[in-house]
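Below is one structure, written out as structure tokens; the observations come after it.
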Amino acid sequence: MADSIIRVLAKDVPVKASAITARDMVERARQIHKTLPVATAALGRALAAASMMGNALKGADNSITLRVAGDGPVGSLLAVADAAGNVRGYAANPVVELPLNAKGKLDVGGAVGRGNLYVTKDLGLKEPYNGSVPLVSGEIAEDITAYYAMSEQIPTVCSLGVLVNPDLTVQAAGGYLVQLLPAADDAVIDRLERSIGKIQPITAMLTAGMSPEDIVRQVLSDFEVEVLYEQEVSYRCDCSRERVERALRSMGKDELHALIEEQGQAEVTCQFCDKVYRFDKSQLEALEKGLSRN
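As structure tokens, then:
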């Protein structure tokens with residue numbers, strides 16, 4: 000079953016929620032970046048969160064970037080999602096090994112460490128929206144909750160999970176995001192707390208094979224919900240040779256000429272999908288000539 004995402008609204012109550020199953024996208028990221036389990040879990044949580052956050056954007060050309068900049072051994076995590084929820088990303092150091100944490104689980108917080116979560120929304124305006132908060136735990140879900148509370152003043156509950164098999168492949172991945180809208184009163188908050196207090200951990204729901212709709216209906220079991228949107232999502236990189244050519248041209252004529260003189264060729268590797276773009280001397284010289292004409 001392909002990865003998918005759902006957005007719902009509670010009927011007659013100011014509560015909205017989304018949920019995602021993300022096993023395939025996280026497994027694709029693992030294959031590309033050759034991550035070990037704790038890095039797989041950390042990156043997978045960031046990818047799932049970015050997908051849900053991107054899917055909530057209104058403009059078709061909008062995008063969101065999450066950067067988890069901690070001082071732990073995994074280094075920075077980057078996840079970029081479009082407005083449909085398709086996502087790409089990487090971990091600065093995918094080869095991290097740590098003992099399990101005190102709960103016997105992958106120590107994502109230890110891998111990430113202390114630092115900041117940076118959120119950039121490209122909404123098609125002159126300048127992107129930038130927000131940042133200190134990392135609460137490095138476990139990603141708690142940090143997303145803190146971001147919404149501090150930067151956007153939206154009370155939020157976020158849960159993310161990634162399960163890794165003994166052979167390093169991804170068994171399950173996904174999560175949910177529940178938010179209170181401005182008109183929510185204490186009675187709504189109490190109902191939501193009761194509802195969430197009854198649910199299983201997200202990893203148990205994912206292991207049981209629950210769909211995003213199953214998950215969100217369990218999370219909001221005390222509410223009647225209306226499905227607003229449901230769509231398949233995937234790990235998707237939008238790199239292309241044309242984009243790489245634009246990047247090389249952006250170096251400027253002098254730097255490009257120096258590259259030709261010193262190396263006579265160029266290899267550019269996409270950080271998101273590890274695709275390699277090769278340019279020989281004649282191709283670089285053609286780019287340089289194009290700059291000379293402009």
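Numbering (numbering that gives the first Met the number 0), first residue to last: 0 to 293.
Every residue gets a Cβ at the ideal spot worked out from N, C-alpha and C, and that includes glycine.
With fewer than 16 other beta carbons inside 10 angstroms of its own, I188 counts as exposed. Per DSSP, reduced to three states, the secondary structure at E138 is coil, with no helix or strand assignment.
By the CB criterion at 8 Å, V132 and L35 fall outside the cutoff. G112 carries a coil assignment under DSSP once its states are collapsed to helix, strand and coil.
Here R216 is buried: its Cβ has 16 or more other Cβ atoms, across all protein chains shown, within 10 Å.
Taking I19 as reference, the option from T39, D106, N54 with the minimal CA-CA separation is N54. Taking 8 Å as the cut-off, the Cβ atoms of I195 and V156 count as close. Fully enclosed beta strand (DSSP E) runs of no fewer than 3 residues occupy 86-90, 114-121, 128-133 of the stretch 82-133, in order along the chain. Counting along the chain, the unbroken alpha helix (DSSP H) around R190 starts and ends at 185-196. In the DSSP assignment, S50 falls within the unbroken alpha helix (DSSP H) covering 36-54. By the CB criterion at 8 Å, L247 and A9 fall outside the cutoff.
The three-state reading of DSSP puts G173 in strand, counting E and B together.
Straight through space, the alpha carbons of E241 and Q264 are spaced by roughly 17 Å. Annotation for L247: the continuous alpha helix (DSSP H) segment containing it runs 240-248. Counting along the chain, T168 sits inside no alpha helix (DSSP H), nor does DSSP assign it H or E at all.
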